Amino acid sequence: MSSLKESEHIEYINSSLKLIVSESHTFGTDALLLAAFSAPKRREKVCDFGTGCGIIPFYWLREGAESVYAVEIQPLACDQLRRSIALNSLEKKFFLFHSDLRDLKGKIDEDTFDLITMNPPYTEEGHGIKSSSNADKIARHETNLNLAELFSAASRLLKFGGRMCICLRPERLTSAMCAMREAKIEPKRLRLVSQRDGKAPWLFLLEGKKGRNPGLIVEKELHIENPDGTPSEEMLGIIGEYRK
Numbered sequence: 112m113s114s115l116k117e118s119e120h121i122e123y124i125n126s127s128l129k130l131i132v133s134e135s136h137t138f139g140t141d142a143l144l145l146a147a148f149s150a151p152k153r154r155e156k157v158c159d160f161g162t163g164c165g166i167i168p169f170y171w172l173r174e175g176a177e178s179v180y181a182v183e184i185q186p187l188a189c190d191q192l193r194r195s196i197a198l199n200s201l202e203k204k205f206f207l208f209h210s211d212l213r214d215l216k217g218k219i220d221e222d223t224f225d226l227i228t229m230n231p232p233y234t235e236e237g238h239g240i241k242s243s244s245n246a247d248k249i250a251r252h253e254t255n256l257n258l259a260e261l262f263s264a265a266s267r268l269l270k271f272g273g274r275m276c277i278c279l280r281p282e283r284l285t286s287a288m289c290a291m292r293e294a295k296i297e298p299k300r301l302r303l304v305s306q307r308d309g310k311a312p313w314l315f316l317l318e319g320k321k322g323r324n325p326g327l328i329v330e331k332e333l334h335i336e337n338p339d340g341t342p343s344e345e346m347l348g349i350i351g352e353y354r355k
């Protein structure tokens with residue numbers, strides 16, 4: 112395919128939606144889980160922060176979203192995603208902003224979105240071993256954006272009562288909840304994810320609502336696999352029509 116560059120290939124989100132991924136800008140199970148957890152309604156105005164290859168908005172489109180917005184700071188990721196948008200003729204449904212999340216004033220109006228998601232860097236700045244590539248550093252470490260800045264940007268763009276959904280490692284749950292609340296986004300729904308029953312959770316999915324009162328619902332833990340290592344029924348439902 113002429114639109115593909117070296118190290119890129121196509122992932123089929125369903126029989127008609129084709130997503131370009133590369134070694135630098137790809138996706139994992141966590142992004143699919145976040146896309147399913149956020150579950151936007153058909154006519155909601157939705158945006159994915161730090162969208163990378165665009166898997167979360169593409170998942171929403173597969174599930175029936177009428178239009179999607181996304182923000183990404185990395186130019187190569189934006190170029191890759193723009194070619195995915197063109198490949199699927201989605202120019203009237205997919206609106207991409209090449210921007211720092213802290214510099215969206217004048218680009219996107221405040222109080223615009225019903226839902227914002229982000230799969231943020233898992234490693235806090237100053238912790239862990241730094242990745243070798245710049246793309247990996249931005250995706251995995253808080254070199255460009257911390258949680259306080261993320262939730263502040265989201266709070267400005269969310270409508271009153273609008274939702275913010277993220278996924279992170281369990282050790283960062285307290286920090287995420289505190290930063291979310293500081294930005295006037297109240298944590299309202301939490302789900303832990305483990306590989307299988309009996310294993311410690313490796314991920315949490317958290318939803319907050321702008322301007323709402325306290326009151327957290329903790330949902331049943333999500334298991335990726337059955338005891339025999341096969342995908343769980345719920346995971347198969349999340350994967351849906353996706354195929355390699």
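Numbered by the numbering used here, the letters in the sequence shown go through residues 112 to 355 in order. Think of the CB as a built atom: it goes at the ideal place given N, C-alpha and C, for glycine as much as any other residue. Bear in mind that the values here come from a model prediction, so they are computed numbers and not experimental data.
For residue i, the residue or residues it bridges with in DSSP
i: L314; result: V304
i: H209; result: E183
i: P342; result: E336
i: L130; result: E122
i: I319; result: Inspection of the sequence shows that residue 319 is occupied by Gly rather than by Ile. G319 pairs with M275, P298.
i: M229; result: F160, I277
i: F224; result: L269
i: I328; result: R300
Buried versus exposed, by CB contacts within 10 Å (16 or more), residue i
i: N230; result: buried
i: R153; result: exposed
i: R213; result: exposed
i: T137; result: buried
i: L327; result: exposed
i: G309; result: exposed
i: K241; result: Its pLDDT being 48, under 50, K241 is placed unreliably by the model, and the measurement read from it follows with that caveat. Per the 10 Å Cβ criterion, exposed.
i: G175; result: exposed
i: G139; result: exposed
i: P298; result: buried
i: A197; result: exposed
i: E217; result: Sequence check: residue 217 is Gly here, not Glu. Its Cβ having fewer than 16 others within 10 Å, G217 is exposed.
Cβ shell of residue i (< 8 Å), same chain only, five flanking positions each side left out
i: P186; result: H209
i: F271; result: D222, K321, G322
i: Q306; result: W313, H334, I335, E336
i: E202; result: I196
i: T162; result: P168, A181, V182, E183, A188, L192, L207
Supposed close pair residue i, residue j - CB separation, criterion 8 Å
i: R173; j: L128; result: 6 Å
i: L301; j: E332; result: Not quite, the Cβ-Cβ distance comes to about 10 Å (not below 8 Å), so this is no contact.
i: A259; j: A290; result: 5 Å
i: F205; j: P168; result: 6 Å
i: P312; j: P342; result: With a Cβ gap of about 18 Å, P312 and P342 do not count as contacting.
i: E134; j: S118; result: 5 Å
i: F160; j: T228; result: 7 Å
i: L144; j: I350; result: Contact doesn't hold; Cβ gap of about 10 Å is too wide.
i: C278; j: D190; result: No, C278 and D190 are not in contact; Cβ-Cβ is about 26 Å, not under 8 Å.
Same chain, Cβ closer than 6 Å to residue i, five either side skipped, listed in chain order
i: L356; result: Residue 356 falls outside the range modelled here, since the chain spans only 112 to 355, and no answer is possible.
i: V132; result: E122, C164
i: E155; result: D225, L226
i: E352; result: N125
Own chain, CB closer than 7 Å to residue i, minus 5 neighbours either side, in chain order
i: W171; result: A146, P151, V157, V179
i: P325; result: E297
i: H120; result: V132
At least 3 beta-carbon pairs within less than 8 Å: the segment 265-275 vs the segment 285-302: yes
Stretch-stretch touch, CB-based, cutoff 8 Å, three pairs: the segment 179-197 with the segment 328-344: no
Cβ contact check for the segment 344-354 and the segment 319-326: 3 or more pairs under 8 Å: In this structure the segment 344-354 does not lie against the segment 319-326, because fewer than three pairs of beta carbons, one per stretch, are closer than 8 Å.
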